[in-house]
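So the sequence lines, in the order shown, correspond to chains S and H.
Under this note's numbering, the letters of the first sequence match residues 7 to 122, in that order.
Under this note's numbering, the letters of the second sequence match residues 9 to 122, in that order.
For every residue, glycine included, the Cβ atom is placed at its ideal position computed from N, Cα and C.
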Amino acid sequence: AQSVTQLDSHVSVSEGTPVLLRCNYSSSYSPSLFWYVQHPNKGLQLLLKYTSAATLVKGINGFEAEFKKSETSFHLTKPSAHMSDAAEYFCVVSDFRGTSYGKLTFGQGTILTVHP
Amino acid sequence: EAQVTQNPRYLITVTGKKLTVTCSQNMNHEYMSWYRQDPGLGLRQIYYSMNVEVTDKGDVPEGYKVSRKEKRNFPLILESPSPNQTSLYFCASSFDGGETDTQYFGPGTRLTVL
């Protein structure tokens, strides 16, 4: 069975400072991993995804994430936060082998607040 | 414009009154899915469909039904809604549901059951 844990429910940063959103996963196989962002009253948008190629993945809006198999982590980072980054972020794992074909598992979400 | 649409966007109803939330995609995707989002729980999958006439349960299917008679449409049916189904619902689609596929999400439907 697969699972995802986002280690912080809320993260608060100042504009211009680095962002770190933490995600740990559990999977019986080598999964694919995604980060999605949800702005207030909007649907979810893909930020980036890891699909067993390069372990450092670059996404949109300056975000990147590093897949670390030994730590079962997929943390999301950005060097310098912008006010428009304020949103809720979801880490997602997909592992379609075994009996879980077609099934995504979402983390609980991390709300990012950016202060001026 | 490639998109996933849902209707209605907001709905207030009463316990036991059957309702349907529609979902449509214009990307010719094979895979479609329904999620509900509740505070502190993230998104949980209700049902998914790998293709026309092929559907399967997700993590929280109780109290919901779906159908996939056409490739573009994937309606979510609540035959006897209850207050614990008050939630924010998202429909999503992807090319074929493959492990590395990107899901495209609709704008959401906020449902309140009194």
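**Prompt:** Looking at the structure shown, is S/Q44 part of a helix, part of a strand, or coil, going by DSSP?
**Reply:** What you label residue 44 of chain S is simply residue 38 of the first sequence in a count that begins at 1. Three-state DSSP puts S/Q44 in a strand.
**Request:** Give a yes or no on contact between the segment 45-57 of chain S and the segment 19-36 of chain S, applying the rule of three or more CB pairs nearer than 8 Å.
**Result:** no
**Request:** Out of H/S88, H/S75, H/L122, H/R44, state which residue places its alpha-carbon closest to the alpha-carbon of S/L110.
**Result:** Here residue 110 of chain S refers to the residue found at position 104 when the first sequence is read from its first residue. Nearest option by C-alpha distance: H/R44.
**Asked** Within 7 Å (strictly less), CB to CB, does S/L118 reach chain H?
**Response** Taking the first residue of the first sequence as 1, we reach residue 118 of chain S at position 112. S/L118 does not count as touching chain H.
**Item:** Close-in-space but distant-in-sequence residues of the same chain around H/S32 (CB under 6 Å, 5 per side omitted)
**Value:** Translated into the one-based positions of the second sequence, residue 32 of chain H becomes position 24. Counting only Cβ-Cβ distances below 6 Å, and skipping sequence neighbours, we find T13, R80, N81.
**With 16 other Cβ atoms within 10 Å as the buried cut-off, status of H/M40** = For the purposes of this step, residue 40 of chain H is taken as residue 32 along the second sequence, with counting starting at 1. Of the residues assessed, H/M40 falls on the buried side of the cut-off, its CB having 16 or more other CB atoms within 10 angstroms.
**Message:** With H, G and I counted as helix, E and B as strand and the rest as coil, what does DSSP make of H/Q93?
**Reply:** On the second sequence, residue 93 of chain H is found 85 positions in, with the first residue counted as 1. Three-state result, H/Q93: helix.
**S/S100: first and last residue of the uninterrupted beta strand (DSSP E) it sits in** = The residue given as residue 100 of chain S occupies position 94 in the first sequence. For S/S100, the enclosing beta strand (DSSP E) covers residues 93-100.
**Request:** Could you spell out the range, first to last residue, of the beta strand (DSSP E) harbouring S/V25?
**Result:** Here residue 25 of chain S corresponds to residue number 19 of the first sequence, with the count starting at 1. Looking at the DSSP string, the run of the beta strand (DSSP E) that includes S/V25 is 25-27.
**Asked** Counting contacts by CB-CB distance shorter than 7 Å, is S/L52 in contact with chain H?
**Response** Stepping through the first sequence from its first residue, residue 52 of chain S is reached at position 46. Judged by the 7 Å Cβ criterion, S/L52 is in contact with chain H.
**Request:** Output the distance between the C-alpha atoms of S/C97 and H/S88, rounded to the nearest integer angstrom.
**Result:** Here residue 97 of chain S corresponds to residue number 91 of the first sequence, with the count starting at 1. Here residue 88 of chain H corresponds to residue number 80 of the second sequence, with the count starting at 1. Approximately 32 Å between the Cα atoms of the pair.
**Asked** What does S/I117 pair with, by DSSP beta-bridge criteria?
**Response** Indexing the first sequence from 1 puts residue 117 of chain S at position 111. Answer by DSSP bridge pairing, in chain order: S/H16, S/E94.
**Item:** For H/R52, the first and last residue of its enclosing beta strand (DSSP E)
**Value:** If you number the second sequence from 1, residue 52 of chain H lands on position 44. First-last of the beta strand (DSSP E) with H/R52: 50-59.
**Request:** For my contact list, S/P37 and S/S79 are in at a C-beta cut-off of 8 Å; report their separation, rounded to the angstrom.
**Result:** Locating residue 37 of chain S in the first sequence gives position 31, counting from the first residue. Locating residue 79 of chain S in the first sequence gives position 73, counting from the first residue. Contact flag wrong, Cβ pair sits at about 12 Å.
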